[in-house]
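Everything on this sheet refers to the single structure shown next.
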Amino acid sequence: MEELVIRDADVVDGSGGPSYRADVVIDHGRIVSIVQEAAAAGCQRPKARRELDAEGLVLSPGFIDMHAHSDLALLRDPDHSAKAAQGVTLEVLGQDGLSYAPVDDRTLEEVRRAITGWNGYGDDIDIDWRSVGEYLDRLDRGIAVNAAYLVPQGTVRALVVGWQDREAMPRELDRMRQLVAEGLEQGAVGMSSGLTYTPGMYAKDAELTELCRVVASYDGYYCPHHRSYGAGALEAYEEMVALTREAGCALHLAHATMNFGVNEGRAPQLLALLDEALDGGADISLDTYPYTPGCTTLVAMLPSWASEGGPEAVLGRLADEETAARVRHHMEVIGADGCHGVPIEWDTIEISGVSDPALADFVGRTVQESADLRGEEPWVTARRLLLEDRLGPTILQHVGHEENVRTIMRHRVHTGGSDGILRGGKPHPRAYGTFPRYLGRYVRELGVLSLEECVAHLTSRPAARLRLPDRGLVREGYKADLVLFDPATVAAGSTFDNPRVLPTGIPYVLVDGRFVIEEGRRTDVLAGRAVRRTE
5 MEELVIRDAD
15 VVDGSGGPSY
25 RADVVIDHGR
35 IVSIVQEAAA
45 AGCQRPKARR
55 ELDAEGLVLS
65 PGFIDMHAHS
75 DLALLRDPDH
85 SAKAAQGVTL
95 EVLGQDGLSY
105 APVDDRTLEE
115 VRRAITGWNG
125 YGDDIDIDWR
135 SVGEYLDRLD
145 RGIAVNAAYL
155 VPQGTVRALV
165 VGWQDREAMP
175 RELDRMRQLV
185 AEGLEQGAVG
195 MSSGLTYTPG
205 MYAKDAELTE
215 LCRVVASYDG
225 YYCPHHRSYG
235 AGALEAYEEM
245 VALTREAGCA
255 LHLAHATMNF
265 GVNEGRAPQL
275 LALLDEALDG
285 GADISLDTYP
295 YTPGCTTLVA
305 MLPSWASEGG
315 PEAVLGRLAD
325 EETAARVRHH
335 MEVIGADGCH
345 GVPIEWDTIE
355 ISGVSDPALA
365 DFVGRTVQES
375 ADLRGEEPWV
385 TARRLLLEDR
395 LGPTILQHVG
405 HEENVRTIMR
415 HRVHTGGSDG
425 ILRGGKPHPR
435 AYGTFPRYLG
445 RYVRELGVLS
455 LEECVAHLTS
465 RPAARLRLPD
475 RGLVREGYKA
485 DLVLFDPATV
495 AAGSTFDNPR
505 VLPTGIPYVL
515 VDGRFVIEEG
525 RRTDVLAGRA
535 VRRTE
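Just so we're aligned: the sequence shown equals residues 5 to 539 in this note's numbering.
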């Protein structure tokens, strides 16, 4: 007898088609049969060792977070309710060109320091891997939800070229090609870049194109955080489209926003650009989160020249009065490339987390507010934080536009990604609320998307981008990564004031046919594994 039957569920199967009522039978981690109500009339209904009454609940595929920063969090916190409770059954890691494989001992230390704001320093974790394959093997020991990985181009460049702003020599480019190929052979699904983060931003288009040719040869995809989301955003999107078309590589645009005052109301121009490329045969997708503010690290706001050489070099420049004054001028007057070419507005920069508990009073306030309390200029406050917290502060950047958010999420190649940073005293609520917020606010309350459309955006579309043949749909033979939610009550519990509140209306989540959320509570099940490109 099979293990589980989910009885009388309203199945929204991820295809975008209409829902239907059915009994869904699960055994050995897969969906073994689906008996629709009409077919069941007058027939004996399926039985299993356990029956779950799903009356009033929607059954859908598990949600796929196309942009996650849980690279260490999955190992640090086996509970991982921040994502499991949202119905996320698969996260894509290795984002924005910086993560923890492939590395050597030197690069690992540099990367840990550079992205402390994303994942913490990581000294509470035994980082016993160096290659992509070894990292995926570590995930296979058991994690809360499944995870896929992108080879981080910035980490590859740091390993081969270092943190200097210069072109790669031919032998260095060959070595980078080799590392990307090895990562893909070991199971990565593609490659990411962070082109406003060092050292990835130092790569010219020709270098990126050559690496994308390697990605294309493995049927992977390129996921860039491109060179600007502010001034020059449209040109930066166009650059990525042209680059990947030249390389013959699929493109997935990370957190595809149109932020800052210069881009208010300009989302239709972005979508027109993408539609033209799609109609011409380009393979493009994108992800967004359903919020207006962004989230990153404070050090990311600096001009690229100030970040050359790695974290210790940055701290040295900030400590030097003359150089720090130059940094300030670029940020406040010229518009640093780290701040997307827009002069920084300190009243939009909210400190969301610090590494040093002694600096906790800064968390939850904008830089401008903290400066006013101290009777000093905002740059003085920001510089103090960067130096005393050793580049650790994370920030919320309140620069988005709601109409742009809604316009982009309606697009035919849109998927969902939280871009969730889980550390810090007041993290962005998207880390805990992205997927229920789509279902609650943008489906039920605002009607921006129908329920069937939204579920497709969060399930089958990302599964197709990841080339996963047995995920993203409720189908016989598919993996039993599933979510049961109440469409009348599902909602994000997290807010900007209380960001770590779990969602409501998602009582059951299954990974590999096993309950990781049951009756609204996290179980002790660690059913997640690495999802490799070759699967």
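Ideal Cβ positions, reconstructed from N, Cα and C, are used throughout, including at glycine.
Check, Outcome
"Length of the line joining the Cα atoms of LEU482 and ARG34", "Just to set this straight, residue 482 is Tyr in the shown sequence, not Leu. Looking at the two C-alpha atoms, the distance is approximately 6 Å."
"DSSP-derived helix/strand/coil call for HIS73", "coil"
"Burial state of ALA210, where buried means 16 or more other Cβ atoms lie within 10 Å", "exposed"
"Touching by the beta-carbon criterion (3+ pairs, under 8 Å), the segment 98 to 111 and the segment 155 to 163", "yes"
"Secondary structure, alpha helix (DSSP H): runs of 4+ residues fully inside the segment 311 to 376", "315 to 323, 325 to 333"
"Rounded C-alpha distance that separates GLY101 from LEU212", "12 Å"
"Whole-angstrom distance between THR499 and PRO65, CA atom to CA atom", "26 Å"
"Reduced DSSP secondary structure (H/G/I, E/B, other) of HIS229", "strand"
"For ASN408, three-class secondary structure by DSSP", "helix"
"Nearest candidate by alpha-carbon position, reference PRO382, set LEU78, ALA237, ILE348", "ILE348"
"Three or more C-beta pairs below 8 Å linking the segment 306 to 313 and the segment 439 to 456", "no"
"The alpha helix (DSSP H) enclosing GLN182, as first and last residue numbers", "174 to 189"
"Spatially closest choice to VAL478 from LEU530, VAL384, GLY18, by CA coordinates", "GLY18"
"Inter-stretch contact (C-beta, 8 Å, three-pair minimum) for the segment 228 to 242 and the segment 138 to 147", "no"
"Through-space distance from MET244 to VAL513, alpha-carbon basis", "36 Å"
"Given 8 Å, three or more beta-carbon pairs between the segment 486 to 494 and the segment 52 to 68", "yes"
"Exposed unless 16 or more other CB atoms sit within 10 angstroms - verdict on LYS430", "buried"
"Best match in LEU247, ILE30, ARG80 for proximity to LEU426 [C-alpha to C-alpha]", "ARG80"
"Assigned exposure category for CYS47 - 16 Cβ within 10 Å defines buried", "exposed"
"Span of the alpha helix (DSSP H), counted from its first residue to its last, around MET195", "It is not in any alpha helix (DSSP H) - MET195 instead sits in the beta strand (DSSP E) that spans 194 to 198."
"Under the three-state DSSP convention, the category ASP291 falls into", "strand"
"Beta-carbon proximity list for GLU523, same chain, < 8 Å, skipping 5 on both sides", "PRO511, TYR512"
"Buried or exposed (CB count within 10 angstroms, at least 16 for buried), MET305", "buried"
"Neighbourhood of ASP360 by C-beta distance below 6 Å, restricted to the same chain and skipping five residues each side", "ASP393"
"Simplified DSSP state of PRO382, which is helix, strand or coil", "helix"
"Buried or exposed (CB count within 10 angstroms, at least 16 for buried), GLY21", "exposed"
"Inter-stretch contact at 8 Å, needing at least 3 Cβ pairs: the segment 288 to 304 / the segment 117 to 131", "yes"
"Cutoff 6 Å; reference ASP169; Cβ partners in own chain excluding five residues on either side", "TYR206, GLU312"
"Cβ-based burial, GLY91 [other Cβ within 10 Å; buried from 16]", "buried"
"Cβ shell of GLY379 (< 8 Å), same chain only, five flanking positions each side left out", "none"
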